[in-house]
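For the sequence shown, full-length UniProt numbering gives the first residue as 1, with consecutive numbering after it. Remarks on the structure that follows.
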Amino acid sequence: MERRRVAQDARRAREFEAFVAGAAGRLLHAATLLTAEPPDDNPRARRLLTLSLAHTYACWDRLRGEDPYDRARAYLATRFSRAAWHQYGGLGALGRSRPHPASPLARLSPQERLILVLRLYEGVAEEQAAALLGLPLERVHTICDRATATLLHPPRRATPAVLDAKAVSP
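So this is what it looks like as structure tokens:
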């Protein structure tokens with residue numbers, strides 16, 4: 001009996017290691033996009049990834065044919081969403097710092113980043129994103145469109161004030 005349990009644990013560990021080897025890079029990239037941190041300095045994204053993988057490992061035996069990547073991505077998204085929610089209340093270690101200003105996604109709100117990453121980077125259908133986030137389908141569509149427009153057409157910089165010719169002449 002003990003030998004069988006040890007063999008099952010070893011198999012579980014090998015399966016999870018193979019999953020992490022294949023999925024961790026993509027999940028880290030998604031987390032980095034969500035946190036809008038630079039790829040080479042992304043502690044919040046790495047924490048999100050670690051929490052997501054730990055949760056997936058804890059649920060590994062209960063997946064029963066479910067895609068572990070979907071489970072890990074869903075946990076990553078909901079954890080980011082909760083942390084972003086608490087950002088303004090001073091709670092949640094993931095939401096305390098602001099996005100890196102050089103990131104193209106820094107102009108977006110956390111919710112816009114989340115929906116944009118799920119829809120465009122991860123290829124999650126609107127219906128699935130809406131169900132995952134507990135939002136109406138139309139809201140997800142509107143937020144995705146607004147975020148895409150913000151990225152494609154950034155706000156223009158303010159034009160310098162034109163000096164009045166009379167005020168300048170002596």
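The beta-carbon is built from N, C-alpha and C at its ideal position, and this holds for glycine as well.
T56 is positioned such that its CB atom lies closer than 8 Å to that of Y75.
DSSP, reduced to helix, strand and coil, places L53 within a helical segment of the structure shown. Taking I143 as the centre and dropping the five residues before and after it, the same chain places the C-beta of Q111, E112 and I115 closer than 7 Å to its C-beta, in chain order. Straight-line spacing of the CA atoms in R26 and D145 works out to 24 Å. The residue from T150, L132, P38 and A77 with its alpha-carbon nearest to that of S103 is P38. Of P99, G134, R107 and R62, the smallest CA-CA separation from A77 is found for G134. Our two residues, A30 and D61, have alpha carbons roughly 25 Å apart in a direct line. T150 is the residue among V117, R3 and T150 whose C-alpha sits nearest the C-alpha of R107. Inclusion of L63 and V20 in the CB contact set at 8 Å is not warranted, their separation being larger than that value. G22 and D67 have their alpha carbons spaced roughly 13 Å apart. When secondary structure is reduced to three states using DSSP, E2 falls in the helix class. Here L137 is near A130, since their CB atoms are less than 8 Å apart. By the CB criterion at 8 Å, L105 and A36 fall inside the cutoff.
Around H100, the same chain offers A36, E37, P38 and A106 as residues with beta carbons nearer than 7 Å, after the five sequence neighbours per side are excluded. Here the alpha carbons of R11 and R3 stand approximately 12 Å from one another. For E122 against R73, the beta-carbon gap comes to about 6 Å, under 8 Å, which counts as contact.
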